[in-house]
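Accompanying notes for the structure given below.
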Amino acid sequence: MQATPEMAITGFSSWEPGALSLGVFFFLAAGLVATILVLTVVITRRKPEGQKALPYECGIIPTGTARLRYPAPFWLVAVFFLLFDVEAVYVVSWAVSFTSLSWASWAQITFFIGVLLLGLFWVWRKGGLEWGMTPKR
Amino acid sequence: MGYDAEALTKAVEAAVLGDAEAVRMLPERASLGDVLVNWCQMNSLWPLFFGLSCCFIEQATVFTGVYDIARFGAEVLRGSPRQADLLVVSGTVFKKVAPMVTRIYEQMSRPKWVISMGSCANTGGMYDVYSVVQGVDQLIPVDVYITGCPPRPEALMYGLITLQDMIKRKNRPLKPVLGLSGGQLGGRDDILEVGVSKDRDTRGPGMQGIPVRGTSVTPPGFAGSRSEEMWTPPPPVLEFSARQTVLRKAIEERFGELATWREDPVDMPTVTVSADHVVDVLKWLKHESPVKYERFEDLTAVDESTRKVPVEHDFTLVYTLTSLSAVERLRLRVPLSGAEPEAPTATSVWACANWYEREVWDMFGIRFVGHPELRRLIMPRTWPGHPLRKSEPHRATEMAPYLEEDVLRMQPEDAGELLRRLHATSPTKREFVLNIGPHHYSTHGVVRFVLELHGEEIVDMASDIGFHHRGAEKIAEHQSWHQYIPYTDRLDYLSGVANNLTYLLAIEKLCDITVPARAQCVRVMLSEFFRLSNHLLWLGTMVQDLGMMTPVFHTFREREQVLDIIETITGARLHPAWLRIGGLAMDLPEGWDTMVRDFVSGFPKRVRSYHRLISGNPILRARIRGIGPITLEDAIDHGLTGPNLRACGKEWDLRKVTPYSGYEQYDFDIPTREDGDCLARYEVRFEEMLQSNRIISQCLEGMPSGRHISEDYRYCIPDKKDTLEDIESLIHHFINATRGPKVPAGEAYAVTESPRGEQGFYIVSDGGNMPYRLHMRSAGYPTVQALPLMTIGHLLPDFIAIIGSTDYIAPDLDR
């Protein structure tokens, strides 16, 4: 049988043993996690001791709060990562069905990646990927 | 399974005595659940990384391939107490670091166990001095004690097996695990109680009626010392060279009566200056004098109050300067008087005078007028008094016990406060203050760095040292000259015998002792072996800090080979204390040459494989090239020495420029680099290993025959077989091995090229059998002081690379 995307979808039947075992596996896994979580809460001895709850910082009492203001680069890089990460959804689904697709789809994905690359270069040029040290005076 | 024999006996005894509670004392029988839980716990111990001193090096050794602690049920070192159930306290617990030990213990989750490793952690060890806690069990409960100084790696594994056995026998964890009453889950809960199980007397409780040993040799009394009845020849007098005479004339012309040239120095020209003019003289010596002294080598003080021959002033400041251009040294003595003496600060002339002056203030209470931040550097902020004054107590057993109140009192300063004090105005970019250390993977030793970060960029930095202050200088004042040799081993715990050498060179200078050629050659060979041992450890740990996990296992393999040779020759691994005044403790053993030959022929191949494995790695190179650069001018001005200086392009190695111990006879090169960055420091050290190997092979080929100790037995411990033949040797042996030799009154400074830079010992004798004052100049001190120059403006991960590449070590920093 040829493994095509259509096969992958139609192959799933709620009455076939494959799906049943998946379901059993799911309940086992969820059950195990739930049991461990419950047991941890129930049997752990909580003994409040001196400085146990203090954040650990190399044995020293920490200074200030851990809720610091992150500098902009952290935020920018995170946003760009999310933006460019979405492309993976399209590129991977395209790659999975590569053999059954035409040249036209190849051209489409190339165009898509090209546009993304242009965007990346633009971000790069604008300094959005600048990280770390301020340039030396 | 079965009953706990000890508890059973206790219960039976109570029943015999008619105690109604006896039934309750019966131990519980281990159930299957107990056995299962115990089996899991004892075979998966998670030890916490808590390295204090020498013992930690042996602890680290058991994690490497040769010993592989994981086979014994203890897995990889944990970095944080949250992840650990076993705290191994390895080495000396200091009063300043004790708050961290207790906090980390409290932050561990239960069940938790504690192993106290090494005699220092057990009882304070040989360090009965003001700054040392007499055993970690004074603060936290200990399950297993491992003895030795330091214990061999095998001893730690035996301790682990003992702990596993204890878990198996004593723990009844099922009930506590299920939240029921009864049972026993991990570790002891009791701690020593003052007056009951704990006493400041190191001999333990119940000895109050008997005087503490050694009180009769406590300064300033030295009651009953017979050294005063002995005669010794006067110390040798330095013959001034032509250049020194020129300098003398220039000083006389410029300063006249204000600076008096001393006629009879032992080791270097010495000038006495009054406090009012010292800064002018220093400025002149740095910029205008015919011999320009570019480097501020050392500053220390002497409390003159208990001299055998009284002097007119109370304190003397001693400045040591070095001229790199003329290869000269100069000492300035500044007499001071009064209970709170004052001197002007030299920080305007040399920025690195900052820490030296702070240390003198901390230790002696001498105030420096105009100093930017004159506050304690080494002792805890709340420490009363100035410990190196003769009037202060020196033995911890003379002081009140260190208790939990003291833990609260001696908390380290808040990081933000530390930075604020460093700068009068607060910087604008202040965003995040991060402590690295005192207890951290990447700080090489217990030392604390406070970084102020903008994102990942370091915008400001402060260092806090003194977590490893063992009061070694105070200890010297009540040990005979020979007795002090083992302490020098531990001052830089990776350099062992190389430390002995510096100390002994100073004594030998003062006593004018000629060391036989064979002894000198063995000294050189052992020093080079310790250089290899140090550099191999440095190489492994530095690249591990940078994320390469494999090399450390390999470098420890060669290091074990080096230590095997050292052990065959001296009988010990890290701290042989094997050199003696005038020579060595004994001659080389049979078969030493075969071992050394095997090593020397194979080592270059190993270094080549390191080259392929590490030096060529593009990621490593990218992470260290151009990182943490320091210019040659800055390096000299801040007193950097050794490989750190040579990485800036200065070909300055004391083994070449002022050879000692016969180094002039060996053919070797001095590797240098120009850039002064981490890569340059890395490459200089890397190449030094091959040069050390060359020196060792020359020692092997050209080992002279003859005596291993000087023929003049006045100051030496004579060869045992001579003592069996003539009465003179026997008398010298008796005297020098018991109360020790009398060293002529005077002062001397000796400095050698130790593995991490220039290490100096300044000794003052007032004609007794113990040093009147001893000071150590360490290589790491100026390096750590200069760290802000190298780190500010770099990223947080670069900081780890920089501290790895500078190769400082805490005990030599704090002494």
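These protein sequence lines are chains E and F, in that order.
For the first sequence, my numbering assigns the number 4 to the initial residue and increments by one for each residue that follows.
For the second sequence, my numbering assigns the number 390 to the initial residue and increments by one for each residue that follows.
Glycine is no exception: its CB is placed at the ideal position from the N, C-alpha and C atoms.
Remember, predicted model here, so these are calculated numbers, not experimental data.
Do you know offhand how far residue i's Cα is from residue j's?
i	j	result
arginine 1062 of chain F	glycine 1193 of chain F	18 Å
aspartate 1064 of chain F	phenylalanine 1075 of chain F	15 Å
glutamate 1077 of chain F	proline 1060 of chain F	7 Å
glutamate 133 of chain E	phenylalanine 83 of chain E	12 Å
histidine 676 of chain F	tyrosine 682 of chain F	8 Å
alanine 1199 of chain F	valine 1046 of chain F	28 Å
serine 922 of chain F	glutamate 845 of chain F	34 Å
proline 542 of chain F	arginine 946 of chain F	14 Å
alanine 107 of chain E	phenylalanine 114 of chain E	11 Å
phenylalanine 468 of chain F	isoleucine 955 of chain F	A small correction: the amino acid at residue 468 of chain F is glycine; phenylalanine does not occupy that position in the sequence shown. So the two alpha carbons sit approximately 32 Å from each other.
alanine 1139 of chain F	valine 1132 of chain F	16 Å
asparagine 888 of chain F	arginine 798 of chain F	35 Å
alanine 631 of chain F	arginine 720 of chain F	18 Å
glycine 1038 of chain F	proline 1032 of chain F	10 Å
tryptophan 750 of chain F	arginine 765 of chain F	7 Å
serine 605 of chain F	aspartate 1026 of chain F	Residue placement at serine 605 of chain F is flagged as unreliable, the pLDDT there being 48, under the threshold of 50; the coordinate-derived value follows with that caveat. Answer to the nearest angstrom: the Cα atoms are 45 Å apart.
glutamine 868 of chain F	histidine 1164 of chain F	14 Å
leucine 1034 of chain F	proline 74 of chain E	36 Å
lysine 672 of chain F	glycine 774 of chain F	32 Å
asparagine 1158 of chain F	tryptophan 620 of chain F	12 Å
threonine 1112 of chain F	threonine 1020 of chain F	56 Å
aspartate 457 of chain F	valine 451 of chain F	6 Å
Hey, could you find the ends of the beta strand (DSSP E) residue i is sitting in?
i	result
tryptophan 502 of chain F	502-506
phenylalanine 821 of chain F	821-825
tryptophan 650 of chain F	648-650
threonine 1141 of chain F	1135-1143
threonine 661 of chain F	659-662
phenylalanine 757 of chain F	756-758
glutamine 1148 of chain F	1146-1154
threonine 711 of chain F	704-712
tyrosine 534 of chain F	533-535
isoleucine 847 of chain F	846-853
Mind checking whether residue i and residue j have CB atoms under 8 Å apart?
i	j	result
valine 835 of chain F	aspartate 853 of chain F	no
glycine 575 of chain F	arginine 499 of chain F	yes
serine 508 of chain F	phenylalanine 483 of chain F	no
alanine 1168 of chain F	glutamate 1136 of chain F	no
leucine 880 of chain F	arginine 1162 of chain F	no
arginine 809 of chain F	glycine 826 of chain F	no
serine 420 of chain F	leucine 545 of chain F	no
tryptophan 870 of chain F	isoleucine 847 of chain F	no
leucine 710 of chain F	arginine 684 of chain F	yes
tyrosine 830 of chain F	phenylalanine 1150 of chain F	no
What span of residues does the alpha helix (DSSP H) with residue i cover, start to end?
i	result
isoleucine 341 of chain F	Absent from the structure is residue 341 of chain F, since the part of chain F shown begins at 390 and ends at 1204.
histidine 676 of chain F	667-676
arginine 492 of chain F	487-496
threonine 1172 of chain F	1169-1174
aspartate 1023 of chain F	1021-1026
threonine 47 of chain E	From DSSP, threonine 47 of chain E is part of no alpha helix (DSSP H); its letter is neither H nor E.
aspartate 687 of chain F	Looking at the DSSP string, aspartate 687 of chain F is not in any alpha helix (DSSP H); the run it does join, the beta strand (DSSP E), is 684-692.
aspartate 934 of chain F	906-934
glutamate 794 of chain F	793-798
arginine 467 of chain F	Neither: arginine 467 of chain F is in no alpha helix (DSSP H) and is coded neither H nor E.
task = Determine, using beta-carbon pairs with one atom in the region 930-937 of chain F and one in the region 1169-1181 of chain F, whether at least three such pairs fall under 8 Å.
result = no
ask   = How about the region 652-671 of chain F and the region 687-694 of chain F: do they share at least three Cβ pairs that are nearer than 8 Å?
value = no
query = In chain order, what residues of the region 58-87 of chain E put their CB closer than 8 Å to some CB of chain F?
reply = Tyr59, Glu60, Cys61, Gly62, Ile63, Ile64, Pro65, Thr66, Gly67, Leu71, Arg72, Tyr73, Pro74, Pro76 and Phe77
ask   = Are the region 510-528 of chain F and the region 544-557 of chain F touching by the rule of at least three beta carbon pairs closer than 8 Å?
value = no
ask   = Any chance the region 83-101 of chain E sits against the region 518-537 of chain F, with 3 or more Cβ pairs inside 8 Å?
value = no
inquiry  = With three or more C-beta pairs closer than 8 Å as the rule, is the region 857-866 of chain F touching the region 898-910 of chain F?
reply    = no
ask   = Taking a cut of 8 Å between CB atoms, which residues from the region 42-58 of chain E lie near chain F?
value = Val45, Ile46, Arg48, Lys50, Glu52, Gly53, Gln54, Lys55 and Leu57
query = Taking three-plus beta-carbon pairs below 8 Å as touching, is the region 701-714 of chain F in contact with the region 745-763 of chain F?
reply = yes
ask   = Within the chosen definition, does the region 1100-1115 of chain F reach the region 1001-1012 of chain F through at least 3 CB pairs nearer than 8 Å?
value = no
ask   = According to a CB-to-CB cut-off of less than 9 Å, which residues of the region 540-557 of chain F neighbour chain E?
value = none
request  = Anything in the region 467-486 of chain F with a Cβ closer than 9 Å to a Cβ of chain E? List those residues in chain order, please.
outcome  = Ser469, Pro470, Arg471 and Val486
ask   = Given 8 Å as the limit, is there contact between the region 632-643 of chain F and the region 903-920 of chain F, that is, 3 or more CB pairs closer than that?
value = no
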